[in-house]
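In the UniProt record's numbering, the protein residues as written are 1 to 324. For every residue, glycine included, the Cβ atom is placed at its ideal position computed from N, Cα and C. Working notes for the structure below.
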């Protein structure tokens, strides 16, 4: 067991070039925090994660020998933090020997052979859980540091404040971006076109990777020949869906296909959105074919789009088979 204070003797935590030159930035700060805490404590891993849509998504990690890296996601209730902080914890937690806890056997901590845990929840300004900061080690009693809980709490609070502010700004930027997509628009509908769609997916992919923001893609196909009135009503239905919470952007991909990118909507809401759109367009008698997918099911938003389109085709094919 290591006996340490706030800094290991002889260890200089030299800032990286990015840390030296960057302004206040969540990604840079999170990377700096996990790097510094790992150098300070010598635990096997330190991680910052977003908790959203019942998933834990790693945003920053410094680890040795444990399968953790930014972008890794897992169900919240199956994560080590979910096991220890999932009951609504508001205080930092240091557990010297996880193996003594009830429920340890067959848990994710047991499967990863985790013996020591130090972590704290991260809350937004409304008091909602948005993430965690935690350190793990495979050895029980890995470190003796009386002030470790306080140190983790301070770092988690700092990260939470910056993450909350950047998420709020990202939502504002989406509203502005929706207004700026007018450079590439489909003339008959006024919706952004396929060129705008490609740029939108690329830009929002960066946001998803940075913040673990849940994103979904819905693809809608309609009859190849529709009246001008039906086209106007389709456009209105999709625009209305995007304006519900300013968290979705509708585009016209080609003459008979539309796309909807949702952001910050959990999986169940994206599913409900797809069902709602299909019902509305059925009422218009344009024979809609709808498929959807979540970003977590694919490598990036472009692949998510392809997956949603494939599911649209498969649903249409299966319905024709059943009907025939």
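Work out the CA separation of residue j and residue i for me, nearest whole Å.
{"i": "residue 256", "j": "residue 55", "result": "35 Å"}
{"i": "residue 124", "j": "residue 80", "result": "21 Å"}
{"i": "residue 50", "j": "residue 313", "result": "33 Å"}
{"i": "residue 216", "j": "residue 293", "result": "6 Å"}
{"i": "residue 78", "j": "residue 107", "result": "8 Å"}
{"i": "residue 308", "j": "residue 116", "result": "41 Å"}
{"i": "residue 45", "j": "residue 35", "result": "9 Å"}
{"i": "residue 25", "j": "residue 316", "result": "45 Å"}
{"i": "residue 277", "j": "residue 249", "result": "14 Å"}
{"i": "residue 184", "j": "residue 247", "result": "20 Å"}
{"i": "residue 28", "j": "residue 83", "result": "28 Å"}
{"i": "residue 37", "j": "residue 156", "result": "12 Å"}
{"i": "residue 253", "j": "residue 173", "result": "23 Å"}
{"i": "residue 208", "j": "residue 214", "result": "7 Å"}
{"i": "residue 305", "j": "residue 59", "result": "23 Å"}
{"i": "residue 298", "j": "residue 101", "result": "36 Å"}
{"i": "residue 165", "j": "residue 52", "result": "16 Å"}
Assign residue i to buried or exposed, taking buried as 16 or more other Cβ atoms, counted over all protein chains shown, within 10 Å of its Cβ.
{"i": "residue 206", "result": "exposed"}
{"i": "residue 21", "result": "Note on residue 21: pLDDT 49, under 50, position unreliable in the model; no value is reported."}
{"i": "residue 211", "result": "buried"}
{"i": "residue 192", "result": "buried"}
{"i": "residue 243", "result": "exposed"}
{"i": "residue 225", "result": "exposed"}
{"i": "residue 105", "result": "exposed"}
{"i": "residue 189", "result": "buried"}
{"i": "residue 265", "result": "buried"}
{"i": "residue 289", "result": "buried"}
{"i": "residue 275", "result": "exposed"}
So, residue i versus residue j, is the Cβ gap smaller than 7 Å?
{"i": "residue 251", "j": "residue 262", "result": "no"}
{"i": "residue 301", "j": "residue 310", "result": "no"}
{"i": "residue 30", "j": "residue 57", "result": "no"}
{"i": "residue 85", "j": "residue 121", "result": "yes"}
{"i": "residue 113", "j": "residue 138", "result": "yes"}
Taking only three categories from DSSP, how would you classify residue i?
{"i": "residue 158", "result": "helix"}
{"i": "residue 184", "result": "coil"}
{"i": "residue 128", "result": "coil"}
{"i": "residue 52", "result": "strand"}
{"i": "residue 252", "result": "strand"}
{"i": "residue 116", "result": "strand"}
{"i": "residue 62", "result": "strand"}
{"i": "residue 198", "result": "helix"}
{"i": "residue 367", "result": "A query on residue 367 cannot be resolved here, the shown segment of the chain reaching from 1 to 324 and no further."}
Checking contacts by CB at 7 Å: is residue i closer than that to chain B?
{"i": "residue 306", "result": "Checking the listed chains, one finds no chain B in this structure; it contains a single protein chain."}
Measuring CB atoms only, is the segment 125-134 touching the segment 159-168, in the sense that at least three cross pairs come out at less than 8 Å? yes
Should the segment 59-67 be called in touch with the segment 81-96, which here means at least 3 C-beta pairs below 8 Å? no
Does the structure place the segment 140-157 close enough to the segment 35-43 that three or more beta carbon pairs sit under 8 Å? yes
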